[in-house]
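Peer 1: Line by line, the protein sequences are chains Z, F and W.
If you read the first sequence in numbering that gives the first Met the number 0, its first letter stands for residue 0, the second for the next number, and so on.
If you read the second sequence in numbering that gives the first Met the number 0, its first letter stands for residue 0, the second for the next number, and so on.
If you read the third sequence in numbering that gives the first Met the number 0, its first letter stands for residue 0, the second for the next number, and so on.
Glycine residues also receive a C-beta, built at the ideal position from the N, C-alpha and C atoms.
If you're wondering where the values come from, they're calculated on a predicted model, not measured in any experiment.
Sharing a structure below in structure tokens format, with a few things to ask.
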Amino acid sequence: MSTEQDQVAADAKPMIDIVGLNKWFGPFHVLRDINLSVAPQERIVICGPSGSGKSTLIRCINRLEEHQEGSIVVDGTELTHDLKNIDAIRREVGMVFQQFNLFPHLTVLENCTLGPIWVRKTPKNEAEKIAMELLERVKIPEQADKYPGQLSGGQQQRVAIARSLCMKPNIMLFDEPTSALDPEMIKEVLDVMVDLAQTGMTMLVVTHEMGFASQVADRVIFMDAGQIVEQNTPDEFFNNPQSDRTKLFLSQILSH
Amino acid sequence: MTSQPFFRQQSELLPERAPPAATIGVVGWLRANLFSGWLSTVLTLAGLYVLWLIIPNLLDWAFFDADFTGDDRFACTSSGACWAWFDQRIDQFLYGFYPSEQTWRVNIALLLLIPALAPVLFDKMPGAKRLRWFSLAYPFVATFLLIGGFGLEEVPTNKFGGFMLNVTVGLAGIVLSLPIGIVLALGRRSRMPIVRALSVAFIEVFRGVPLITLLFVAAILLPIFLPPSFSLDLVIRVIVVVTAFASAYMAEVIRGGLQAVPRGQYEAAAALGLGYWKMMGLVVLPQALKISIPGIVNTFIGLFKDTTLVIVIGLFDVLNIGRTMVSNPDWLGLAVETQVFISIFFFVVCFSMSRYSVHLEQRLDTTKR
Amino acid sequence: MAVAGAPAGFELRRIWSDERARSALFQILVVLGLALLVAFFVANTIANLQARGLDPGFGFFSDQAFFDINQKLIDYSSQSTFGRALVVGLLNTLLVSALGIIAATVIGFVAGILRLSNNWLIGRLIGVYVEFTRNVPVLLQIIFWWSILTGLPKVADSLSIGSALFLNNRGVRMPAPILENGFGWVAIFFVLGIVAALIVGRWAHRRHMATGQPFPMLWVGLGLVIVPTLIVYFALGQPLDWDVPERTRFNFRGGFNVTPELVALWWALATYTGAFISEIVRAGILSVSKGQSEAAHALGLRPGLTMRKIIIPQALRVIIPPLTSQYLNLTKNSSLAIAIGYQDFVSIGNTVLNQSGQAIEVVAIWMVVYLSLSLGTSAFMNWYNSHIALVER
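This is the structure:
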């Protein structure tokens with residue numbers, strides 16, 4: 000990349016700007032001095048051992064967790080105690096959970112239209128149109144009238160992705176989206192995520208799927224003990240890790 | 000800067016820091032738990048006000064202004080509670096009209112309850128297997144101790160009263176209802192239509208009517224249903240209906256336990272060639288009963304509280320002893336004191352049992368995972 | 000080659016080992032045994048009844064009762080029949096049960112939800128209430144509250160709340176509403192207001208679905224019910240008067256009296272059952288996994304909306320079955336009225352039983368009535384469970 004492009008990239012307003020983020024759970028210092036800037040359309044994979052704070056970090060971004068020190072600015076709006084800011088940010092940020100968290104008493108279609116109807120004030124049939132388009136994109140339009148309990152894990156997670164996309168977010172957060180899936184269903188979900196990345200969505204993905212990282216990520220971040228230990232392009236990260244902590248981690252997960 | 004390649008070595012990792020002062024310690028706890036929002040603050044203040052109204056007055060009444068000695072209510076001259084009756088009457092509350100020189104038998108029966116129950120509730124304890132034979136023999140031992148005969152002076156059951164009566168009726172009901180409950184639970188799951196219909200009918204009838212109506216059956220109807228020359232003690236009749244009542248609830252608890260035993264257990268036993276009774280006795284019931292113990296304890300707590308209903312048919316359980324005591328001119332008007340005493344006793348017993356059953360439920364849950 | 004084996008005929012041994020024959024035999028034996036037992040009891044009963052000179056049958060329902068009932072919802076005097084007395088008793092049972100169920104539900108839901116708040120003090124206080132009330136026999140609580148209420152000052156020294164509510168050892172004396180001319184119109188407009196609110200509610204929902212615009216239905220609905228009613232009320236000159244109790248020398252004139260028995264029984268049942276209900280509500284809401292509310296918040300749903308659309312529908316599925324059990328328990332526990340002299344179905348039945356000697360019939364009636372209530376409740380619960388179950392594969 001030329002320095003001019005570097006300069007342009009550096010000037011472009013970041014989609015997410017985190018400065019000096021610190022968070023405690025009671026006495027435990029779980030996020031230490033996080034500084035992170037996410038450019039529009041950037042795809043970031045966050046990895047690290049369990050307990051490193053990676054899930055906590057992305058959950059802070061849409062206020063599912065509250066931070067005590069530092070600032071988080073999402074698409075120009077700062078995340079404070081102000082409910083209006085929180086609501087605005089949550090409208091722009093979609094989240095996919097490890098346990099899917101679909102609403103079991105609503106059909107797949109109703110799961111997807113709930114947000115648009117009640118938060119974005121979209122008329123019902125327009126919301127349903129959008130939902131059906133997205134269900135097509137995740138390749139399960141025929142399940143629209145089924146209930147989550149009738150679907151497999153991979154199907155449920157794809158519905159969860161469609162549900163978040165129905166809100167037309169600018170940023171998508173993924174919290175270990177494939178960790179609760181049986182092995183044969185991981186690919187179908189990852190395919191959807193690759194497809195999404197190729198449409199230019201800004202994505203932060205917490206995952207152990209390193210193949211996905213190499214294929215799609217612009218940046219890989221390694222976290223440990225609540226802080227960012229290393230970040231680099233996937234190429235450099237996997238082939239040329241600099242920190243001894245990173246080397247140790249990679250040796251543990253890439254050995255098989 | 001925050002998106003450029005970056006790394007830290009192990010030695011450069013940031014150390015842990017203490018959380019901001021306003022979020023930890025006493026201040027932090029107060030803010031999070033008592034004053035976390037305006038509604039929470041209002042509730043805290045309201046709660047503190049209620050406590051401030053009640054607690055000092057309650058303590059004054061119960062302890063600081065109370066009288067503890069005296070021969071009758073006229074000796075209680077202060078504005079607080081009158082506990083003077085306690086000394087004189089505690090035996091009556093505990094044993095009813097049981098002859099006072101024989102109450103040691105009741106005490107022993109109660110003490111023996113511990114080694115009788117322990118191997119059932121704590122099946123991992125040393126010596127449990129052998130002690131369980133004693134558990135089986137305990138009902139006979141206890142009956143002998145309480146009623147007498149064979150060398151011990153006979154005490155007719157109409158002298159039973161007070162807590163002893165509540166405990167006797169409650170325990171007898173639960174213990175006797177266990178085998179009947181098992182039979183009913185098995186019957187309800189049976190494939191034989193008549194057996195299933197009869198079990199369902201029994202369970203629904205005895206669960207659907209108030210215990211009071213059954214006590215009236217014991218007091219008034221059973222003598223009509225029995226041969227004219229044959230008369231049963233009222234206490235025995237009460238135990239009979241209480242047992243039937245408890246069996247219905249017990250059957251539902253055990254049914255839950257039977258359902259909780261994984262289907263694979265039934266299938267494995269059948270595959271081994273075990274017939275119905277061997278399968279139930281050797282494989283299914285031991286597991287089902289163990290799972291059911293919290294439910295059984297809960298049923299007992301409910302039954303124990305319900306034993307106070309016998310006041311309605313004239314038996315002198317602890318509640319009735321209290322009532323008759325305050326209609327005695329010596330102790331007129333002390334209803335609240337007796338009720339407080341009886342409440343505390345029941346509360347202590349029932350609360351400990353329910354804590355135990357909650358503890359058991361948690362233990363059973365984790366071992367299953 | 001044909002095999003010359005044992006004839007495929009009737010063998011006694013086959014009955015024993017054929018599982019169908021065995022089960023049939025067993026059932027026949029059970030029925031026979033039961034029949035013998037029943038015959039034994041019936042024979043004894045006939046002998047005993049003859050010895051006492053009693054006539055079985057329900058004819059005594061039309062005999063005169065000769066006793067009075069002080070708490071009654073329908074007309075009754077000592078010249079009425081036993082049958083009518085029992086009906087009065089049944090109505091009294093239903094009255095205290097209905098009032099108790101309403102109060103217990105309110106207490107239970109409020110306590111359960113409060114206990115879930117993150118206020119430590121309130122959580123603990125409610126915990127103390129729940130544990131104490133659940134572990135003390137309900138009969139004791141009923142008698143306790145009754146002792147308190149009958150320990151209130153005599154009528155001449157009544158405590159008063161405001162100038163219209165009086166508490167004394169004969170009960171609670173409160174103003175009685177007097178419906179004057181025109182009140183009918185107020186009631187009509189009230190009902191019309193509710194109907195209008197329902198209609199507007201449906202229209203608003205359809206509009207929301209069609210255009211996406213939400214509608215402030217709560218305020219509009221309240222307004223539709225309250226405003227026209229108030230306008231008509233004042234326009235017609237406030238056609239609602241109160242018969243306020245006034246003190247006379249030894250008693251009160253006017254107003255109406257609620258006996259301490261009813262109040263004590265109602266309050267004891269409400270607080271006792273309310274404690275159980277609060278635990279049921281708490282467990283129900285906790286049973287909805289945290290991920291549900293997180294997903295809803297992540298989509299941008301505010302807490303109120305999350306509660307309404309996600310948490311409560313799922314919590315209610317878990318809450319309603321045990322809740323109906325508690326309602327049934329409350330109804331059965333109301334039979335303890337006999338201990339404090341509230342003349343409910345069991346209490347009056349007992350009097351009828353003593354006076355007429357027809358014990359079997361009275362007890363049978365008790366059983367039938369309470370069983371009907373139980374079975375009705377079970378049927379409802381089964382229907383509800385099958386109707387509302389989450390669809391799974």
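So, helix, strand or coil for residue 144(Z), using DSSP?
Peer 2: Residue 144(Z): coil per DSSP, three-state reduction.
Peer 1: How many whole angstroms separate the CB atoms of residue 371(F) and residue 118(F), which I take to be in contact at a CB cut-off of 8 Å?
Peer 2: The requested residue 371(F) does not occur in the structure, where chain F is confined to residues 0 to 368.
Peer 1: Check the Cβ-Cβ distances between residue 2(F) and every residue of chain Z, and say whether any is below 8 Å.
Peer 2: yes
Peer 1: Out of 58(F), 255(F) and 159(F), state which residue places its alpha-carbon closest to the alpha-carbon of residue 99(F).
Peer 2: The residue with the shortest Cα to Cα distance from residue 99(F) is 159(F).
Peer 1: Is the stretch 70-84 of chain Z close to the stretch 162-170 of chain W, with three or more CB pairs under 8 Å?
Peer 2: no
Peer 1: Report buried or exposed for residue 223(Z), applying the criterion of at least 16 other Cβ atoms within 10 angstroms of its Cβ.
Peer 2: Around the beta carbon of residue 223(Z), 16 or more other beta carbons sit within 10 angstroms, so the residue counts as buried.
Peer 1: Residues of chain F with CB closer than 8 Å to the CB of residue 245(Z), please, in chain order.
Peer 2: 6
Peer 1: Would you mind stating whether residue 156(Z) and residue 99(Z) have Cβ atoms separated by less than 8 Å?
Peer 2: yes
Peer 1: List, in chain order, every chain F residue whose beta-carbon is nearer than 8 Å to that of residue 245(W).
Peer 2: None at all; the shortest Cβ gap to chain F is about 31 Å.
Peer 1: Is it true that the stretch 67-77 of chain Z meets the stretch 227-245 of chain Z, where meeting means three or more beta-carbon pairs spaced less than 8 Å apart?
Peer 2: no
Peer 1: DSSP three-state call for residue 185(W): helix, strand or coil?
Peer 2: helix
Peer 1: Of all the options 253(F), 111(F), 236(F) and 189(F), which has the alpha carbon lying nearest to the alpha carbon of residue 381(F)?
Peer 2: Limits of chain F in this structure are 0 at one end and 368 at the other, which puts residue 381(F) out of reach.
Peer 1: Would residue 352(F) pass as an interface residue toward chain Z - the criterion being a Cβ-Cβ separation below 8 Å?
Peer 2: Residue 352(F) does not count as touching chain Z.
Peer 1: In chain order, what residues of the same chain lie with their CB nearer than 8 Å to the CB of residue 62(W), ignoring the 5 residues before and after it?
Peer 2: Contacts found: 80, 81 and 355.
Peer 1: Helix, strand or coil for residue 70(F)? Go by DSSP, reduced to three states.
Peer 2: coil
Peer 1: Alpha carbon to alpha carbon, what distance is there between residue 173(F) and residue 251(F)?
Peer 2: 14 Å
Peer 1: Does residue 266(F) pass the burial test, meaning 16 or more other C-beta atoms within 10 Å, or should it be called exposed?
Peer 2: exposed
Peer 1: Are the C-beta of residue 20(Z) and some C-beta of chain F separated by less than 8 Å?
Peer 2: Not an interface residue.
Peer 1: Could you check where the alpha helix (DSSP H) with residue 156(Z) kicks off and where it finishes?
Peer 2: 152-164
Peer 1: Ignore the nearest five residues each way along the sequence and tell me which others in residue 71(F)'s own chain have a CB closer than 6 Å to its CB.
Peer 2: 329
Peer 1: Using a Cβ-Cβ cut-off of 7 Å (strictly less than) and excluding sequence neighbours within five positions of residue 333(F), which residues of its own chain qualify?
Peer 2: Correct list, in chain order: 72, 81, 84 and 325.
Peer 1: Contact defined as beta carbons within less than 8 Å: I believe residue 52(F) pairs with residue 104(F). What is the distance between those atoms, to the nearest angstrom?
Peer 2: In fact, because the Cβ distance is near 47 Å, the residues do not count as touching under 8 Å.
Peer 1: Residue 379(F) touches chain W at which residues, Cβ-Cβ below 8 Å?
Peer 2: Beyond the ends of chain F as shown, which are 0 and 368, falls residue 379(F); an answer cannot be given.
Peer 1: If I measure Cβ to Cβ from residue 5(F) and keep anything under 8 Å in the same chain, skipping five residues before and after, which residues do I get?
Peer 2: Close CB contacts of residue 5(F) within its chain, under the 8 Å cut and outside five residues either way in sequence, are absent.
Peer 1: Could you confirm whether any beta carbon from chain Z is found closer than 8 Å to the beta carbon of residue 23(F)?
Peer 2: yes
Peer 1: Whole angstroms are fine: how far does the CA of residue 131(F) sit from the CA of residue 23(Z)?
Peer 2: 53 Å
Peer 1: List the residues that DSSP assigns as beta-bridge partners of residue 226(Z).
Peer 2: 223(Z)
Peer 1: Between residue 113(Z) and residue 86(Z), what straight-line distance do the alpha-carbon atoms span, to the nearest angstrom?
Peer 2: Spanning the two alpha carbons is a distance of roughly 16 Å.
Peer 1: Grab me the residues of residue 216(Z)'s own chain with a C-beta within less than 7 Å of its C-beta, minus the 5 sequence neighbours each way, in chain order.
Peer 2: 42, 43, 44 and 233.
Peer 1: Check the C-beta distance from residue 259(W) over to residue 92(W) and give it rounded, since I have them as a contact under 8 Å.
Peer 2: At roughly 18 Å, the Cβ-Cβ gap does not stay under 8 Å, so residue 259(W) and residue 92(W) are not in contact.
Peer 1: In chain order, what are the residue ranges of uninterrupted beta strand (DSSP E) at least 3 long that sit wholly in the stretch 172-249 of chain Z?
Peer 2: Within the stretch 172-249 of chain Z, the complete beta strand (DSSP E) runs of at least 3 residues are 201-205, 218-223 and 226-231.
Peer 1: In the DSSP assignment, find the unbroken beta strand (DSSP E) run with residue 173(W) in it and report its ends.
Peer 2: 170-173
Peer 1: Is there contact here, the stretch 137-156 of chain W with the stretch 344-351 of chain W, by at least three beta-carbon pairs under 8 Å?
Peer 2: no
Peer 1: Nearest CA to the CA of residue 84(W): which residue from 129(W), 69(W), 214(W) and 386(W)?
Peer 2: 69(W)
Peer 1: Which residue comes first and which comes last in the beta strand (DSSP E) that contains residue 94(Z)?
Peer 2: 92-95
Peer 1: Residues bridged to residue 22(Z) by DSSP?
Peer 2: 30(Z)
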